[in-house]
Amino acid sequence: MSERVLITGGAGFIGSHLADELLAHGYAVSALDNLSPQVHGPAAQRPPYLDDRVELHVGDVRDPAAVRAAVTGAERIVHLAAAVGVGQSMYRIREYTDVNNLGTAVLLEALAARRVKKLVVASSMSVYGEGRYRARDGSLYDYAQRSAEALGGGSWEPTRGGEPLEAVATPEHKQPAASSVYALSKHDQERLCLLAGKAYGFPSVALRFFNTYGPRQAPSNPYTGVLALFAARLLNDRPPTVFEDGNQKRDFVSVHDVARACRLALECDDADGEVVNVGSGQASTVHDVARRLARLLGKPEISPEVTGKHRTGDIRHCFADITRARQLLGYSPSVNLDAGLRELAAWLRGQRPVDLSEQAREELDSRGLMS
Ligand code: NAD
Ligand code: UD1
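All letters in the sequence shown, in the order written, are residues -8 to 362 by this note's numbering.
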């Protein structure tokens, strides 16, 4: 009989792709998901993209009885259930802490009672805060921050003593410096899982995903990742709204590569007890991806609108050093940004997203979280 993997948050964007990856490799798959209306819409129904073979437990990861029922029979667990919006986390502090921290605690209490073969938890590049930088004299600098004054004056690039800095790839040993409630909760999730795994003797691995994109990233959810938001704007013939000057760099990684990294972490033991970056290893600016997506959606005439505004909690640059993932997991990214954006655009052409991004920005504005 095939081994069963439980994916918490398994009806979501990354979870559903992971389910496909695991089914294709002979696993039986269960999911525990509360079908959160912000992600799945008000009807909160099983999403049509979720493979029929996935045994879906509709329930909340904070509910001990639901979690106990879902983990029964699962030998390996991937913990993805979380509230995921960086901006939104800055005013729905209780909800983010509740779902992410308490949800993880409930899961771990269930696992303490029945040792599993492996726990993989989704962490995030956001735990780093700013990524790693190099100063003019060649030294590496891991403590970059941006002051409110600098941001208020439109100085977007972090500096050291007034000297410019150059962003370089960020390795796992960079000191975490969470700059949002979401990021702090992701750091807690990874520490909790590694700590409990050690205490109770089940191997656990924390994967720090970078900015994941691809089909199924709910474009009508105004609190989701930037590429889905840009798609919702473009498909409604509106310009993507770019914060700061658009030159902030991120590591956009295809959801297929992230799903494969999760499977590799479930299967190999070399990364047990470790945190591992999962990215593409390439940096792109937000402005560039906005323009590329417009072209691919057949709307090259729509130029991104650069707002010159800063979203509280956002960092300037961070992209992954993926040496550890290559060494420990045997991971290497297989989808480059061109191919990944083309796949995303092809999927988006069949979607009719509602663009709710203005409402989401007003929520931040009205609380002084967009300046
Ligand atoms: P998603 O919102 O598509 O998926 C999350 C799923 O969790 C949803 O199906 C939602 O219904 C479910 N969920 C939310 N609250 C729940 C609760 N209380 N109980 C049970 N289920 C609940 O998001 P995603 O992009 O697939 O993210 C999956 C994981 O990866 C999250 O832990 C996120 O923090 C992490 N991550 C995502 C990215 C990214 O760029 N998408 C990057 C880094 C880390
Ligand atoms: C995203 C994920 C987070 C994950 C992290 C890891 C979501 C909602 N957030 O956060 O779960 O842990 O990646 O890499 O999926 N931007 C704009 N215009 C917009 C929206 C965003 O210019 O309309 C900019 C932001 O200012 C930021 C960049 O795009 O500079 C990326 O933003 P976003 O997609 O929200 O990603 P992260 O905050 O990195």
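Just so it is clear, CB atoms sit at the ideal spot from N, CA and C, and this is done for glycine as well.
Sorting Ala262, Cys253, Ser271 and Tyr322 by C-alpha distance to the C-alpha of Asp11 places Cys253 at the top. Around the beta-carbon of Met(-8), fewer than 16 other beta-carbon atoms lie within 10 Å, marking it exposed.
If you check the C-beta of Phe200 against ligand 1, you find a heavy atom less than 6 Å away. Leu320 is a Cβ neighbour of Ala262, given a cutoff of 7 Å. Secondary structure at Met81: coil, using DSSP grouped into helix, strand and coil. Counting C-beta pairs with one atom in each stretch, the region 111 to 118 and the region 185 to 205 have three or more that are closer than 8 Å, which means they touch. Beyond the five residues adjoining it in sequence on each side, Gly17 comes within less than 6 Å, by CB distance, of Ser(-7) in the same chain, given in chain order.
If you keep only unbroken alpha helix (DSSP H) runs of at least 4 residues inside the region 123 to 179, you get 139 to 143. When C-alpha distances from Ser7 are compared across Gly153, Arg282 and His70, the shortest belongs to His70. Met361 places its beta carbon less than 7 Å from that of Arg302. Look at the beta carbons and you see the region 51 to 63 not touching the region 145 to 160: under three pairs across the two are nearer than 8 Å.
At least one heavy atom of ligand 2 lies less than 6 Å from the C-beta of Ser115. In the same chain as Leu339, and ignoring 5 residues on each side of it, the C-beta atoms closer than 6 Å to its own belong to Ala222, in chain order. In terms of CA proximity to Asp346, Arg224 leads the group Arg224, Ile306 and Leu255. Distance from the C-beta of Leu71 to the nearest heavy atom of ligand 1 is below 6 Å. Approximately 7 Å separates the beta-carbon atoms of Thr276 and Gln239; this is inside 8 Å, confirming the contact. The criterion of a C-beta distance shorter than 7 Å is not satisfied by Ile(-2) and Ala35.
Secondary structure note for Leu47: its beta strand (DSSP E) is the uninterrupted segment Glu46 to Val49. Ala96 has its alpha-carbon roughly 41 Å from the corresponding atom of Gly152.
Not one heavy atom of ligand 1 is found less than 6 Å from the C-beta of Ile306. In chain order, Ala73, Ala74, Tyr173, Ser176, Lys177, Asp179 and Gln180 place their CB closer than 8 Å to the CB of Asn91, counting only its own chain and leaving out the 5 sequence neighbours on each side.
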